[in-house]
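Notes follow once the structure below has been shown.
2 protein chains.
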Amino acid sequence: MQIPGHRLGDPELPRSLIDADAFATMKEVALFGDDDVAALRRSGPILEPQIEAVLDVWYGFVGSKPFLLAHFAHPTSGEPNGEYLARVRARFGQWIRDTAAARYDDDWLRWQFEIGRRHHRVGKNATDGATSTAIVPFRYLLPLAQPIVQTLRPFLAATGERVETVDAMQDAWRKSVLLQVTLWSSPYVAPDDF
Amino acid sequence: MQIPGHRLGDPELPRSLIDADAFATMKEVALFGDDDVAALRRSGPILEPQIEAVLDVWYGFVGSKPFLLAHFAHPTSGEPNGEYLARVRARFGQWIRDTAAARYDDDWLRWQFEIGRRHHRVGKNATDGATSTAIVPFRYLLPLAQPIVQTLRPFLAATGERVETVDAMQDAWRKSVLLQVTLWSSPYVAPDDF
Numbered sequence: 001m002q003i004p005g006h007r008l009g010d011p012e013l014p015r016s017l018i019d020a021d022a023f024a025t026m027k028e029v030a031l032f033g034d035d036d037v038a039a040l041r042r043s044g045p046i047l048e049p050q051i052e053a054v055l056d057v058w059y060g061f062v063g064s065k066p067f068l069l070a071h072f073a074h075p076t077s078g079e080p081n082g083e084y085l086a087r088v089r090a091r092f093g094q095w096i097r098d099t100a101a102a103r104y105d106d107d108w109l110r111w112q113f114e115i116g117r118r119h120h121r122v123g124k125n126a127t128d129g130a131t132s133t134a135i136v137p138f139r140y141l142l143p144l145a146q147p148i149v150q151t152l153r154p155f156l157a158a159t160g161e162r163v164e165t166v167d168a169m170q171d172a173w174r175k176s177v178l179l180q181v182t183l184w185s186s187p188y189v190a191p192d193d194f
Numbered sequence: 195m196q197i198p199g200h201r202l203g204d205p206e207l208p209r210s211l212i213d214a215d216a217f218a219t220m221k222e223v224a225l226f227g228d229d230d231v232a233a234l235r236r237s238g239p240i241l242e243p244q245i246e247a248v249l250d251v252w253y254g255f256v257g258s259k260p261f262l263l264a265h266f267a268h269p270t271s272g273e274p275n276g277e278y279l280a281r282v283r284a285r286f287g288q289w290i291r292d293t294a295a296a297r298y299d300d301d302w303l304r305w306q307f308e309i310g311r312r313h314h315r316v317g318k319n320a321t322d323g324a325t326s327t328a329i330v331p332f333r334y335l336l337p338l339a340q341p342i343v344q345t346l347r348p349f350l351a352a353t354g355e356r357v358e359t360v361d362a363m364q365d366a367w368r369k370s371v372l373l374q375v376t377l378w379s380s381p382y383v384a385p386d387d388f
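If you read the sequences in order, they're chains A and B.
For the first sequence, our numbering assigns the number 1 to the initial residue and increments by one for each residue that follows.
For the second sequence, our numbering assigns the number 195 to the initial residue and increments by one for each residue that follows.
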């Protein structure tokens, strides 16, 4: 399935500022280990049939906050852009699969930086030809990790896994999202400071 | 008790880029509510007699990672700076108290931005007259939230509170740390992008 604008594996993406060794130190800091890789991969088949329901929750959250929905809306009329929302939603679903796959190779690192550019003024809107705000303000990027990981809980628990297993999957998601949001922040930060 | 370099409440600190209204939207995004304020305040008396033990764990973690300890060490000799470590440690202990106090007024916002400057090249080392690296790289700031909040768990549980109460305190700490790390990131990000 080809999802418009999904470029994981595209060799034409610019190189990542963070190479495999640097990412290894970030994983160490986040206490992210092989058990987290296993827990993420375990979550994949559990989440797969629920992806649209997860996206309903996440889109419902963004849609309920005008100061977030604004970044999917026309900058002057304030009218939400249905096509922009739909195209991002398809990629957001794929992001669930990609996060659960837990493959941290060079392609994945390049793709994280591309996701970051699409939140920042260097790249927002361009992929989808959207007319919207120039940038998602940095102040919201990291706090958004909380609703993403918190609302995932019932979906991770839906197949009746033991509480310890659900905890492990949610912890792994939390760490992965922290690491990803850090990489997505790159365009907001001077390279020498990153 | 006066802790050298602790400036919460100092009216001479520069104004925060984030005012009370902007911080309210950040709290909304992080799902941080009155229940979290209550849970943080409940954690204060539990953690107070354990602060040195918590700091032992956190310093043990930083000390075990050469690429983190480097930011408390001489930039060429690599020798850890005991005085710098000790002065930061005293403020780190007070940070536990301040986080548990959960008072988000203008003084607190100003102080968060000052904490951020002390990680970035605009202000690192100056408070303590230390000779060390110029900056804590952005890539580690957010991942550090994980060990901080994860290792707090047994300390929050030490007085035998119910699991639900410990969960609530840990969740509140997690959200508070996410919000604080966001504010600390400010010197790393252009004001228009923040």
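All C-beta atoms, glycine included, are put in the ideal place defined by N, C-alpha and C.
With DSSP as the reference, identify every bridge partner of residue i, one or two as the case may be.
i	result
P274 (chain B)	B:A267
V189 (chain A)	B:V383
If residue i sits next to residue j, beta carbons under 8 Å apart, how far is it from one beta carbon to the other, in whole angstroms?
i	j	result
V248 (chain B)	L346 (chain B)	7 Å
W111 (chain A)	L13 (chain A)	7 Å
I3 (chain A)	Q94 (chain A)	5 Å
Enumerate in chain order the residues of its own chain whose CB-to-CB distance from residue i is below 7 Å, with the five nearest sequence positions on each side excluded.
i	result
I162 (chain B)	Since the displayed chain B opens at 195 and closes at 388, residue 162 (chain B) lies outside it and no answer follows.
I290 (chain B)	L241, I245, V248
R7 (chain A)	L13, W111, E114
S380 (chain B)	L211, F307, G310, F388
P80 (chain A)	L69, F72, A73
F217 (chain B)	Y298, L303
L350 (chain B)	S237, I240, V360, M363, Q364
P205 (chain B)	none
V195 (chain A)	This structure cannot speak to residue 195 (chain A), because chain A is shown only from 1 to 194.
G257 (chain B)	L263
R285 (chain B)	I197, G199, H200
Identify which residue in the options has its Cα closest to the Cα of residue i.
i	options	result
A134 (chain A)	A:A157, A:Y188, A:L156, A:R87	A:Y188
Y278 (chain B)	B:P385, B:I197, B:S326	B:S326
D35 (chain A)	A:G63, A:S64, A:A102, A:R162	A:A102
K65 (chain A)	B:Q374, B:G317, B:T219	B:T219
D386 (chain B)	A:P137, A:F92, A:A100	A:P137
G199 (chain B)	B:G323, B:D215, B:A214	B:G323
F67 (chain A)	B:P348, B:D215, B:F255, B:N319	B:D215
H313 (chain B)	B:T376, B:P205, B:P243, B:D213	B:T376
P49 (chain A)	A:N125, A:A158, A:G78	A:A158
D213 (chain B)	A:R139, A:G160, A:R162	A:R139
G9 (chain A)	A:D106, A:R162, A:A190, A:G160	A:D106
Quick one: what's got a C-beta closer than 8 Å to residue i's C-beta in the same chain, skipping five residues either side?
i	result
D171 (chain A)	D36, A39
T293 (chain B)	L234, W367, S370, V371, Q374
V88 (chain A)	F72, D128
A384 (chain B)	none
P75 (chain A)	T131, S132, T133, A134
Along chain D, which residues have their Cβ under 9 Å away from the Cβ of residue i?
i	result
D250 (chain B)	Checking the listed chains, one finds no chain D in this structure; the protein chains it contains are A and B.
Closer than 6 Å by C-beta to residue i: which residues in its own chain qualify, once you throw out the five before and the five after it? Chain order, please.
i	result
F61 (chain A)	P147
N319 (chain B)	S326
V163 (chain A)	none
Would you say the beta carbon of residue i comes nearer than 7 Å to a heavy atom of the ligand ZN?
i	result
T359 (chain B)	Annotation note on the ligand ZN: not contained in the displayed structure, which lists no ligands.
Exercise. How do the segment 364-374 of chain B and the segment 54-70 of chain A stand: do at least 3 beta-carbon pairs fall below 8 Å, yes or no?
Worked result: They do not touch, by the three-pair rule.
Exercise. Is the segment 25-43 of chain A touching the segment 337-344 of chain B in the sense that three or more CB pairs, one from each, lie closer than 8 Å?
Worked result: yes
Problem set entry | Meets three-Cβ-pair contact criterion under 8 Å: the segment 198-213 of chain B and the segment 37-55 of chain A | A contact is defined here as three or more CB-CB pairs under 8 Å, and the segment 198-213 of chain B fails this definition with respect to the segment 37-55 of chain A.
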